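Numbering (this note's numbering), first residue to last: 665 to 1002. Working notes, structure below.
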Ligand code: NAD
Ligand code: UD1
């Protein structure tokens, strides 16, 4: 199958590109390089031993998308492209609505005009808002607590309306929980510019000595050790979930929302301890105030992914942490050589 990945040079897109290529698909990448670099393209080619078709461009450029859909005879699209930082979305909501919502509209126009109706969309557990019960299943009420979350919710709702308008559409919204980890080769992983917002990349920078210590945002949550609990999922498991979703759309019409998580919650202290075990040294950390907007506990009910997609996360927390460390060291040794 010929599959277009928008935002395909990003963290999740690049891992999915590897998985889909290894499964025998032809992967075509579109990215505007706003949060990635051409270096990733070289690494993807080194990793798979295959050349990738890559177009530098913006998902809001509808004529470009239409041309790509036709030129590469695209069968399915996985839509990763977008902005994803919650804090930044509060400061720049218009940029978020433009990149995410306008980007999705542009893609839908191009797909509709080209008669390409299979779409997998990168959604997020953020669409569940403050959990009313746990684990979070796909019928849990949805809401948004910040502009980033609202873009995901708007897009999901838009996709549901679009799929009702024409029975040809086959759409899966994959609601990711907390993607972490890196490819075992050490060639690709999460490499945010500036100071990371998310826990795992922050831990990796502390471990490498680039940042002095980890701030643990609150130890007074109603959890066993007082720190907040999340459902961390290895990015390679997540990538395989996309392969399963694409296969699923061969036989399923309509709109579907499916969680991608492990179903297991882990606290911040547990993450620190597991990372310390992986690197064989202690991580400097201190407890600070809670971060505004954080929920205490969030983890997925994963039954739907298993029954509908036949997919289940396989990799454990040790593997998530050790792969991050391996990737981090690979970056450092490469930088030293460069
Ligand atoms: P990422 O920033 O690493 O990847 C996104 C890619 O899209 C980048 O390469 C960026 O350059 C590109 N891009 C951004 N705007 C674009 C545009 N207008 N046109 C073309 N390319 C554009 O992020 P990621 O972690 O790989 O996330 C991928 C998707 O998954 C995003 O939609 C994100 O909201 C969603 N998601 C991510 C997480 C997470 O924790 N990483 C969790 C839930 C959902
Ligand atoms: C965050 C986003 C969420 C998004 C997800 C993608 C917020 C409020 N939520 O989720 O919308 O879908 O990323 O991965 O930004 N922590 C620390 N110290 C740190 C960083 C984090 O203690 O330096 C804690 C947080 O309080 C949280 C946990 O670690 O309890 C995980 O945080 P993070 O990795 O930022 O993910 P989420 O907040 O779950």
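From the three backbone atoms N, C-alpha and C, an ideal C-beta is built for every residue, glycine too. From a predicted model like this one, the values you see are computed outputs, not experimental measurements.
query                                                                                                         : result
Three-state secondary structure (DSSP) of residue 1001                                                        : Summary for residue 1001: the model assigns pLDDT 43, below 50, so the residue's position carries little reliability; its value from the coordinates is reported in the next sentence. Three-state DSSP puts residue 1001 in a helix.
Selected residue, minimal CA-CA separation from residue 732, among 779, 828, 981 and 802                      : 779
Reference residue 700, options 676, 968 and 840, closest by Cα                                                : 676
Environment of residue 1002 [buried if 16+ CB atoms lie within 10 Å]                                          : Note that residue 1002 scores 40 on pLDDT, short of 50, meaning its location in the model is unreliable; the coordinates nonetheless yield the value given after this. Exposed, since its Cβ has fewer than 16 Cβ neighbours within 10 Å.
Cβ pair residue 781, residue 834 closer than 7 Å                                                              : yes
Minimum C-alpha distance to residue 879 - residue among 744, 799 and 863                                      : 863
Host alpha helix (DSSP H) of residue 786 (start-end)                                                          : First-last for residue 786: 782 to 788, but that is the beta strand (DSSP E), not the alpha helix (DSSP H).
Sequence-distant residues of its chain with Cβ nearer than 7 Å to residue 928 (five each side left out)       : 895 and 963
Cβ contact (3+ pairs, closer than 8 Å) linking the segment 881 to 895 and the segment 937 to 956              : yes
Beta-carbon spacing of residue 684, residue 691 below 7 Å                                                     : yes
Three-state secondary structure (DSSP) of residue 720                                                         : strand
Helix, strand or coil at residue 921 [DSSP, three-state]                                                      : strand
Contact with chain D by residue 792, beta-carbon distance below 7 Å                                           : Judged by its chain identifiers, the structure shown contains no chain D, having just a single protein chain.
Neighbour-count burial assignment, residue 797, 16 or more Cβ in a 10 Å radius                                : exposed
Inter-stretch contact (C-beta, 8 Å, three-pair minimum) for the segment 719 to 737 and the segment 750 to 757 : no
Those residues which DSSP pairs with residue 843 across a bridge                                              : 897
Enclosing beta strand (DSSP E) for residue 939 [first to last residue]                                        : Residue 939 -> not in any beta strand (DSSP E); alpha helix (DSSP H) instead, spanning 932 to 943.
Unbroken stretches of the beta strand (DSSP E), 3 residues or longer, contained in the segment 736 to 794     : 740 to 743 and 782 to 788
Straight-line Cα distance separating residue 817 from residue 1000                                            : The pLDDT assigned to residue 1000 is 46, lower than 50, so where the model puts this residue is not dependable, and the model offers no usable value.
Same chain only: Cβ atoms within 7 Å of residue 714, ignoring 5 sequence neighbours per side                  : 685
Closer than 6 Å: residue 866 CB and nearest the ligand UD1 heavy atom                                         : yes
Inter-stretch contact at 8 Å, needing at least 3 Cβ pairs: the segment 808 to 824 / the segment 934 to 946    : no
Residue 969 Cβ short of 6 Å to the ligand UD1 heavy atom set                                                  : no
Test item: CB-CB of residue 774 and residue 729 under 7 Å                                                     : yes
Proximity of residue 988 and residue 679 at Cβ, strictly below 7 Å                                            : no
Residue closest to residue 830, alpha-carbon to alpha-carbon, out of 777, 904, 926 and 982                    : 777
Cβ pair count under 8 Å reaching 3, the segment 979 to 993 against the segment 849 to 858                     : yes
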